[in-house]
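Worksheet: one structure, shown below.
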Amino acid sequence: MSEPIPQASISQASETLSTSMPATAVPTAALPGAASSETLSEMTSQPRSHEPRRGRLLVLAGPSGVGKSSVVTALRAALPELYFSVSATTRDPRPGEIDGVHYRFVGPAGFDELIARNELLEWAEIHGGLQRSGTLRAPVEEALRRGDPVLVEVDLQGARAVKKAMPEATTVFLAPPSWDELVRRLRDRGTESPEQFERRLATAKEELAAADEFDVQLVNDDVQKVVRRLIELLVG
1 MSEPIPQASI
11 SQASETLSTS
21 MPATAVPTAA
31 LPGAASSETL
41 SEMTSQPRSH
51 EPRRGRLLVL
61 AGPSGVGKSS
71 VVTALRAALP
81 ELYFSVSATT
91 RDPRPGEIDG
101 VHYRFVGPAG
111 FDELIARNEL
121 LEWAEIHGGL
131 QRSGTLRAPV
141 EEALRRGDPV
151 LVEVDLQGAR
161 AVKKAMPEAT
171 TVFLAPPSWD
181 ELVRRLRDRG
191 TESPEQFERR
201 LATAKEELAA
211 ADEFDVQLVN
221 DDVQKVVRRL
231 IELLVG
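The letter at position 127 of the sequence shown is residue 127 when you use UniProt numbering, and the numbering goes up by one with no holes.
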């Protein structure tokens with residue numbers, strides 16, 4: 001587990017992160033075969049116990065632009081048995097996003113129907129009401145019953161809601177190497193209007209200030225390091 005990210009307030013959050021965090025914030029010493037040269041394929045190909053697997057639920061959250069999508073993509077490639085919960089969202093797809101793979105793009109009316117039928121484990125309005133997103137209940141519960149490792153990617157409110165509904169879940173906060181790096185990533189993405197960009201920065205400050213609520217905090221300065229740690233939490 002990394003060193004806690006101290007934030008006494010929203011303003012302190014951005015100030016604290018203005019200096020790059022050390023790469024050692026993502027610990028690897030306790031990982032299986034912790035040699036730095038170990039590849040993800042070597043790690044996941046090692047034989048495991050024949051005892052029945054216990055499904056573990058990992059809840060991943062972090063500010064927009066921190067690199068959650070890159071981490072999730074690498075994790076899914078390294079851990080084929082992982083069940084990744086595809087969130088339902090009211091927003092439109094970004095370039096390259098596929099319905100049912102990255103998100104379920106249901107629109108406002110479809111989202112209202114999911115709420116009415118109690119089909120969401122959690123849902124929330126984010127970015128000042130700019131959009132809504134939620135976790136589909138049935139697929140997560142079914143995967144855990146099968147004994148599969150499960151990853152749910154949500155925002156701060158969603159992480160709180162899932163932890164309340166399923167206390168056995170492990171919550172993981174993904175932080176940027178620095179505040180300036182987060183701003184750069186968001187700006188370079190070029191998918192938001194100036195107003196949306198400012199909203200996402202405001203949301204990011206709130207999320208960074210709440211990092212201590214999470215069971216594990218990881219700095220995303222190396223995707224493979226982060227993935228190794230997540231694998232340990234899911235199946236180690």
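Think of the CB as a built atom: it goes at the ideal place given N, C-alpha and C, for glycine as much as any other residue.
From residue i to residue j, what distance separates their C-alpha atoms?
i: F214; j: A109; result: 32 Å
i: R132; j: D148; result: 27 Å
i: A78; j: R117; result: 35 Å
i: S87; j: A202; result: 23 Å
i: P63; j: E206; result: 9 Å
i: F173; j: F84; result: 17 Å
i: I231; j: L151; result: 11 Å
i: R160; j: L60; result: 11 Å
i: A210; j: A204; result: 10 Å
i: V216; j: V227; result: 13 Å
By the DSSP assignment, the alpha helix (DSSP H) with residue i in it spans what residues?
i: A210; result: Here A210 belongs to no alpha helix (DSSP H), and DSSP marks it neither H nor E.
i: I231; result: V223 to V235
i: A77; result: K68 to A78
i: L130; result: L130 -> no alpha helix (DSSP H), and no H or E assigned at all.
i: I115; result: G107 to A116
i: E142; result: R137 to R146
With DSSP as the reference, identify every bridge partner of residue i, one or two as the case may be.
i: E155; result: Residue 155 is actually Asp in this sequence, not Glu. BP columns for D155 are empty, so no partner.
i: V219; result: A175
Spatial neighbours of residue i within its chain, please: CB distance less than 8 Å, with the 5 preceding and 5 following residues excluded, ordered by chain position.
i: G107; result: T90
i: E119; result: L136, R137 and A138
i: A165; result: L121 and E122
Over the uninterrupted beta strand (DSSP E) stretch that includes residue i, give me the two end residues.
i: residue 239; result: Given that the chain is displayed from residue 1 to residue 236, the structure contains no residue 239 and the question cannot be resolved.
i: V59; result: L57 to A61
i: I126; result: L120 to I126
Below 6 Å CB to CB, which residues in the same chain sit around residue i once its five sequence neighbours on both sides are set aside?
i: G67; result: N220
i: P93; result: F105
Excluding the 5 residues preceding and the 5 following residue i in the sequence, name in chain order all residues of the same chain whose CB lies nearer than 7 Å to its CB.
i: L144; result: G55, L57 and V150
i: E38; result: In this predicted model, E38 has a pLDDT of only 46, less than 50, meaning its place in the structure is not dependable; the value taken from the coordinates is given anyway. Once the five neighbours on either side are set aside, E38 has no close Cβ partner at all.
i: P4; result: Residue confidence for P4 is low, a pLDDT of 49 falling below 50, so the modelled location carries little weight and cannot support an answer.
Hey, residue i and residue j are a contact pair by Cβ (cut 8 Å); roughly how many whole angstroms apart?
i: R189; j: G65; result: 6 Å
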